[in-house]
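Per mature numbering (1 follows the signal peptide of the UniProt record, and there is no 0): the sequence shown = residues -24 to -1, 1 to 101.
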Amino acid sequence: MIIKRFAVSAAAAFLALSGGLALAAPAGAADCPSGEFCVWENANFAGQRANWSGDDGWWEGWIADSDSSWANHGISGPGVKDHVRVYEDAWQGGDMTICLSPGQEVDYNGVANDRGDSHTWAMNC
Ligand SMILES: [Ca+2]
Ligand SMILES: [Ca+2]
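What follows is the structure, encoded as structure tokens:
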């Protein structure tokens, strides 16, 4: 992880040094590890972050019913469950509050705000 971070910042430094005008914004605004689904307690990817590479049927108390922004940095591929469905109750119960396609980042959603309790990776939304 440290090595990877170093490589990324080295690449960024190289881009900056090589006169990279229009330093392209990173692919996503949200700071979320590749391959993972991330949830923040505040809008705009702020506050404490929870992240998972797999499913979670019962979010920890501090993030349950506190989710206000979301990012799906899952890896896509043939036959891969790369969408994420968030549910209002534990164990994928109740309504689906929000569903993210691969790469999708949502900085706020009034319907889903502070309702999530579980999520699962899925083939679609
Ligand atoms: Ca919140
Ligand atoms: Ca809930």
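Ideal placement from N, C-alpha and C gives every residue a C-beta, glycine not left out.
Ligand 1 heavy atom lying under 7 Å from the CB of residue i
i	result
GLU64	no
GLU36	no
ASP83	no
ASN27	no
Segment limits, beta strand (DSSP E) that includes residue i
i	result
residue 103	What the structure shows of the chain is the stretch from -24 to 101, and residue 103 is not part of that stretch, so it cannot be assessed.
residue 118	Because the chain is modelled from -24 through 101, residue 118 falls outside the range shown and cannot be assessed.
residue 126	There is no way to answer for residue 126, as the model of the chain reaches only from -24 to 101.
residue 119	Here the chain covers residues -24 to 101 and nothing more, so residue 119 does not appear.
TRP97	94 to 98
TRP46	45 to 48
Proximity below 8 Å, CB of residue i to CB of residue j
i	j	result
HIS59	TRP34	no
LEU76	TRP46	yes
ILE39	ALA26	yes
TRP67	SER94	yes
ILE74	GLY11	no
Those residues which DSSP pairs with residue i across a bridge
i	result
ASP90	Beta-bridge pairing links ASP90 to no other residue.
VAL56	Looking at the DSSP assignment, VAL56 forms no beta bridge with any residue, so it has no partner.
GLU81	ALA47
ASP31	For ASP31, which the question treats as bridged, DSSP gives no partner whatsoever.
Residue i: CB within 7 Å of a non-hydrogen atom of ligand 2
i	result
GLY92	yes
ASP41	yes
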